[in-house]
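Be aware that the sequence shown starts at 38, since it is given in this note's numbering, and climbs by one per residue.
Where is the CB? At the ideal position from N, CA and C, for every residue including glycine.
All of these numbers come straight from a predicted model, not from anything done at the bench.
A short worksheet on the structure shown next.
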Amino acid sequence: MSTPNSLSQTDTLLIEVFTEELPPKSLRRLGDAFSEGIYSALKAAGLLSENSVATGYATPRRLAVQVTKVLGQALDYPVREKLLPTSIAFDGDGKPTAPLQKKLASLGYADIDLSTLEKAGEGKNEALYLNVIAKGAALEQTAQQALAQTLSKLPIAKMMHYQVLQKNGELADVEFARPAHRIIALHGKQTLSISALGIDGSNQTEGHRFLAPGVITIASADQYETDLTAKAKVLPSFSKRRALIESALLKAAGLDLVLMPDSLLDEVTALVEWPAIYECHFDQEFLEVPQECLILTMQTNQKYFALTDQQGKLRNRFLIVSNIETEQPEAIISGNERVVRPRLSDARFFFQQDQKRPLASRVADLGRVVYHNQLGNQLDRTKRVQGIAIGIAKSLSADETSASRAAEIAKTDLLTDMVGEFPELQGIMGRYYATHDGENAEVASACSEHYMPRFAGDTLPQTQTGTILAIADKLETLVGIWGVGLAPTGDKDPYALRRHALGICRLLLEKNLSLSLPELIELARKQFPQTDVQEKAKAEDIYAFIIDRLRAYLRDQAVAGKPFTTEEIDAVLSQSPAQLNDLIDRLTALREFNALDEAAQLAAANKRISNILKKNATVIPAACSSKLLQVPAEIALHQALERLIPTLITAYEQRQFVDLLKSLVALSAPIDQFFADVMVMDPNPELRDNRLALLQQLHQKMNLIADLGKLA
């Protein structure tokens, strides 16, 4: 039991919850949340100094946090809080009302001398305020509350319910990720009197289950990590343990490359307290199976680290991370080699069986797989994707036969045993099986490439057929799901339509495809025979959705290390571009234009013209008549524009956007003079409409690649 004197000092605080093995896939998040929860509560209570540091720990059997420079008792602090208007706080006789007494009681000041309360304000605004010096928080009580709140808010996917025997001999119901056995609560060397999960705090924990079993006493909060490492064969820091494993794997790999996906490293780190690396082997004959299958089998089922040579070819040796360090690891090595053999045998069996039946023979079976209850089965979807792919191939003058064939068989590997066992291999196995079936190389590659890009920053298809099919597949999903009323709302996007939209943008832009986005959307809409789907999948809504994702993509792009500004992006996208492949060129040209001395004046003039045209309610003639021009300034502007139009058109057709924008400088002086000398809204409707026609023509030619008014 602590005493006030023992807690009055500043010292390191340690809290640990020792449990049975915690869920490995979420251990890192649990450790971070535990550390942050305790630290935040202490900080909110005023128990930390400005340079207090929290260090989180997480092992398979413990969550802990160590916080430096923690006060035993927070400093007292002034409190000024508005209570009630005085008209409500006191009755007609000046006596306190029930609402005032209730308010004071809720704040813990039921017995306060009412004469100490402050009145502030005048008339109806006069109110009563509480002015007191509040007692600073005590560490013991705060730590108790912090631990209870933090444990209740941990990101635990599934709780375990169990019972704990209490001191009075009765059983108490407890729920937590795993049964807890001990709690450490130390402030310096002093044990705090706190409890949680039916367990009282102490200064004891337990060591490694096999290498240092039994109870370990932590003499001081500062010695936690040192004591566990030296006495208990436990490396408590998740990050240090992970770094050690990564370094040891690289060393053991030698000249080979070790495959270390972050998710696997995290999971393995969460499975061991004292990592040891051992090398194992499997039979050479298994290398006949596609290496993706073997790698996934080892990583997913066994948590092993596969090795490849410098060219990426899989080796028949692999590395394991064991929780037992021994100088005689033969039993561990042989045991793991024995365990992995049937797994690899299963993969080989699936591969051999799948090859007995061509992918083309599985097409009809797609009709038995439901895609969506309002959109039919996978065969229906395949036919829609096929129609879109053929249309795209025709627009690009590409091989329509290859596009059609790739679309026909691309999803059939979903019906194979291998993909049934490992869904992550969809597309990858399709490429292997299509190659085995004798399909041409582009078709085989498209079976895998049509899923690309799978995520932000992912690689794009290398083949033209794969690119066509990737666009077709994403378009069909986007239009179809939108058409059944499942467009993304807020943060919810269960069908990943935002990812599909971004993928379409990247494919069109980065592959430099001269395809019209509105025409692509319309092509996809026509593949759906359901009229209600076509009605809900409005082309303008889907176009706007894709452009919105494009906007986010462009914000992440940069030229010469300088990102594009929001104004530059808005200027280009406000023109509702049909083709996306030249957007980077447009933005780059716009940036160069913006650096010109005349850019600001031209942008302001363009915005002024936009406002004039928007406010006009009459129908503007299609062309300006030179015969109706009277003022020299409008004649000069018209002549300057007429001289410049051929240059603008040629530059636009040749995609010489920089030259196009720079040539607009010739209009700067004539535009200034026009607005100085000419009254656009002339009382004579004929003159007014002709001047509006001139401005409209000028506006169109100035904004061929971007709305310059957006830069003003």
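task: Compare the Cα-Cα distances from L229 to each of E53, C542, K448, R543 and report the closest residue.
output: E53
F712 - containing alpha helix (DSSP H), residue span: 705-714
task: Would you mind listing the alpha helix (DSSP H) stretches within the region 483-527 that are 4+ residues and don't spill past its ends, in chain order?
output: 501-520
7 Å CB neighbourhood of A677 in its chain, flanking five on each side removed: A703, L704, P707
message: What would DSSP say about G540, mapped onto helix, strand or coil?
response: helix
query: Do V107 and L50 have their C-beta atoms closer together than 7 Å?
result: Contact: yes.
- request: Tell me whether the beta-carbon of W519 lies closer than 7 Å to the beta-carbon of I558.
  value: no
message: For H349 and A640, I'd like the C-alpha separation in whole angstroms.
response: Note on identity: in this sequence residue 349 is Gly, with His being the wrong assignment. Cα to Cα, the separation comes out at about 54 Å.
For Q737 and R692, the rounded distance between their alpha carbons: 17 Å
- prompt: Hey, how far is the Cα of K57 from the Cα of L67?
  reply: The amino acid occupying residue 57 in the given sequence is Glu; Lys does not appear at that position. E57 and L67: Cα-Cα distance of roughly 14 Å.
query: What number of angstroms, rounded off, separates the C-alpha of A180 from the C-alpha of G235?
result: 16 Å
- prompt: Which residues mark the beginning and the end of the alpha helix (DSSP H) in which H473 is found?
  reply: Where H473 is concerned, the enclosing alpha helix (DSSP H) stretches over 465-473.
- prompt: Is it right to say S485 is buried, meaning 16 or more other beta carbons lie within 10 angstroms of its own, or is it exposed?
  reply: buried
field: Paired residues, beta bridge with L50 - DSSP
entry: L50 is bridged to V104, H224.
N-terminal and C-terminal residue of the beta strand (DSSP E) that G251 is part of: First-last for G251: undefined, no H or E at that position.
query: Should the region 261-275 be called in touch with the region 209-219, which here means at least 3 C-beta pairs below 8 Å?
result: no
Cβ-based neighbour list, L701, same chain, cut-off 7 Å, excluding 5 preceding and 5 following: L639, M739
message: I'd like to know whether the C-beta atoms of W311 and H224 end up nearer to each other than 7 Å.
response: For the pair W311 and H224, the CB atoms are not nearer than the 7 Å cut-off.
message: Cutting at 7 Å between CB atoms, please list the residues of its own chain near L745, excluding the five before and the five after it.
response: A608, L639, A640, N643, M739
message: Rounding to the nearest angstrom, what Cα-Cα distance links F323 and A589 in this structure?
response: 45 Å
Burial state of L681, where buried means 16 or more other Cβ atoms lie within 10 Å: buried
message: Here's a check: name, in chain order, each residue in its chain whose Cβ is nearer than 6 Å to the Cβ of Y488, leaving out the five neighbours to either side.
response: Same-chain partners within the cutoff: G464.
task: Pull up the CB-CB distance for F342 and L356, whole angstroms please, since I reckon it's below 8 Å.
output: 4 Å
- request: Measure the C-alpha to C-alpha separation of K172 and E73 and round it to an integer number of angstroms.
  value: 25 Å
query: Is it right to say M38 is buried, meaning 16 or more other beta carbons lie within 10 angstroms of its own, or is it exposed?
result: In this prediction, M38 scores a pLDDT of 42, lower than 50, which makes its location untrustworthy; the coordinate-derived value is nonetheless stated afterwards. Counting Cβ neighbours within 10 Å, M38 comes out exposed, since fewer than 16 surround it.
task: Assign F275 to one of three DSSP states: helix, strand, or coil.
output: helix
query: If you draw a straight line from the alpha carbon of I508 to that of R592, how long is it in whole angstroms?
result: 22 Å
message: For a test of the three-state rule: what should DSSP assign to G751, helix, strand or coil?
response: Outside the displayed range of the chain (38 to 749) lies residue 751, so it cannot be described from this structure.
message: Would you say G464 lies against chain C (beta-carbon separation less than 7 Å)?
response: The structure shown contains no chain C; it is built from a single protein chain.
Under the three-state DSSP convention, the category P41 falls into: A caution first: P41 carries a pLDDT of 41, below 50, which makes its placement in the model unreliable, though a value can still be read off. Correct three-state label for P41: helix.
task: Can you say whether V422 is buried or exposed, counting buried as having 16 or more other CB atoms within 10 angstroms of its CB?
output: buried
query: Of the choices P122, D128, I170, whose alpha-carbon is the least far from that of G158?
result: When only C-alpha atoms are compared, the closest one is P122.
- prompt: Residue ranges of each beta strand (DSSP E) run of no fewer than 3 residues wholly in the region 266-326, ordered along the chain?
  reply: 313-318
message: Please report the straight-line C-alpha distance between A164 and S143, rounded to a whole angstrom.
response: 18 Å
field: Endpoints, alpha helix (DSSP H) assigned at R623
entry: 620-631
query: What are the residues that DSSP puts in a beta bridge with A91?
result: V104
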